[in-house]
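Undergrad: This structure is in C-alpha cells; I'll ask about it shortly.
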Amino acid sequence: MSREPESRWAFLKGNIGVMILTSGIWSLAGAMTWPFFSLYVLGLGGTYVDIGLISAVGAMVRVLPTFIGGYLADSLGRKRMVYSMSFLLSFTQLLYALAPHYRFLLLPAALEALWSGLRDPAFSAIIADSTRPENRAFSYAVWNIVPPLFGLLSPYLSGLLMDRYGVVRAMRWAYLAVFATSFIASLLRYKLLEETLLPK
0 MSREPESRWA FLKGNIGVMI LTSGIWSLAG AMTWPFFSLY VLGLGGTYVD
50 IGLISAVGAM VRVLPTFIGG YLADSLGRKR MVYSMSFLLS FTQLLYALAP
100 HYRFLLLPAA LEALWSGLRD PAFSAIIADS TRPENRAFSY AVWNIVPPLF
150 GLLSPYLSGL LMDRYGVVRA MRWAYLAVFA TSFIASLLRY KLLEETLLPK
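Numbering that gives the first Met the number 0 puts the first residue of the sequence shown at 0, with every later residue one more than the last.
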C-alpha cells in the first residue's frame, strides 16, 4: 500500500515535473496580461475592430507552423524545439511591452503565433513520451491543473496596478514581468529537460 503513491507520482521527477514547474512559472506573470489584452489595444489607440483583427492574424499565422513544427519535432528533437521556441516566445514579450501604438501589436501577435505553432507539437510530444501508458491520463490531468494555479491571483494584481497607474503603464510592466518569468522557465527547460526522441 505504501508504494502506490510513489509509483503514481514518480513522473514528477522527470520531464513532466519540469514542464509543470516551468509552465507554472510562466503562468505566474502570463496571467497578468491575457485577460486585459483588449484593454491594452484600446489604451494604445485601437478600436474593437483592431482587437478582432489582431486576434484573427494570430490565429491565421499559427496554422501552418503547427504542421512544420511536427516535422521539426521529429527531426531536430523535442527538447530543442521546446526550449528554443520558448526563448523566442519570451523575447516576444518585450515587443508587447515596448509597443508604441496598437498597430505595432500585430508584430508580436504574429510572432507569438509563429513560435507557438512551431513549439506546440514538440510540447505535446515530450509530455506524451515522458509518461507511461498506465499513468498517462493522470499525468496530463496534473499538467493541466497545476500550472494555472500559479497565476490565480495575477489578474487581481494587474487590476490593482491598472487602477493606480493606468492600463498602458500597468500592461507594460506586466509584459516585462512575463519576459522575466518566461526567460527563467525557458532556461530551466534548456537545463533540465531530457530528450525523448529516440535516435534513428
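Cβ coordinates follow ideal geometry from the N, Cα and C atoms, glycine included.
Just to confirm, are Thr65 and Gly116 a CB contact at a threshold of 9 Å?
TA: Yes; because the gap between Cβ atoms is below 9 Å, this pair is in contact.
Undergrad: Sort Pro120, Leu88 and Phe122 by Cα distance to Pro107 and report the nearest one.
TA: It is Leu88.
Undergrad: From which residue to which residue does the alpha helix (DSSP H) around Met31 run?
TA: Taken as a continuous stretch (DSSP letters only), Met31 belongs to no alpha helix (DSSP H), as it is neither H nor E.
Undergrad: When you compare only the Cα positions, how much space is there between Ala179 and Ala30?
TA: Their Cα atoms are separated by approximately 14 Å.
Undergrad: Could you spell out where the alpha helix (DSSP H) holding Phe66 opens and where it closes?
TA: Phe66 -> alpha helix (DSSP H) spans Tyr47 to Ser74.
Undergrad: Could you tell me which whole alpha helix (DSSP H) segments of length 4 or greater appear in the region 98-160?
TA: Counting whole runs of 4 or more residues, the region 98-160 contains the alpha helix (DSSP H) stretches 105-128 and 135-148.
Undergrad: Cα-Cα, which of Ile144, Pro198 and Leu196 is closest to Ser26?
TA: The shortest C-alpha separation from Ser26 is found at Ile144.
Undergrad: In this structure, how does DSSP classify Gly44 when only helix, strand and coil are distinguished?
TA: Looking at Gly44 - three-state DSSP - the assignment turns out to be coil, as it is neither helix nor strand.
Undergrad: DSSP state of Thr195, grouped into three classes?
TA: It is coil, neither helix nor strand.
Undergrad: Is Gly13 helix, strand or coil by DSSP?
TA: Residue state, collapsed to three classes: coil.
Undergrad: Any C-beta of chain C sitting closer than 9 Å to the C-beta of Met84?
TA: The displayed structure is made up of one protein chain only, and chain C is not part of it.
Undergrad: Would the beta-carbon of Thr195 fall within 9 Å of that of Asp128?
TA: The answer is yes: Cβ separation under 9 Å.
Undergrad: Of all the options Tyr82, Arg135, Arg163 and Pro146, which has the alpha carbon lying nearest to the alpha carbon of Ser22?
TA: Comparing Cα-Cα distances from Ser22 to each of Tyr82, Arg135, Arg163 and Pro146, the minimum goes to Pro146.
Undergrad: Flag this pair as yes or no: are the beta carbons of Arg77 and Ala121 separated by less than 9 Å?
TA: Yes, the Cβ-Cβ distance between Arg77 and Ala121 is below 9 Å.
Undergrad: Would you tell me roughly how many angstroms separate the C-alpha atoms of Met18 and Phe103, rounded to the nearest one?
TA: The straight-line gap from Cα to Cα measures roughly 31 Å.
Undergrad: Take the Cβ of Leu75 as the centre, count every other Cβ of all protein chains shown within 10 Å, and call the residue buried at 16 or more, exposed below.
TA: Label assigned to Leu75: exposed.
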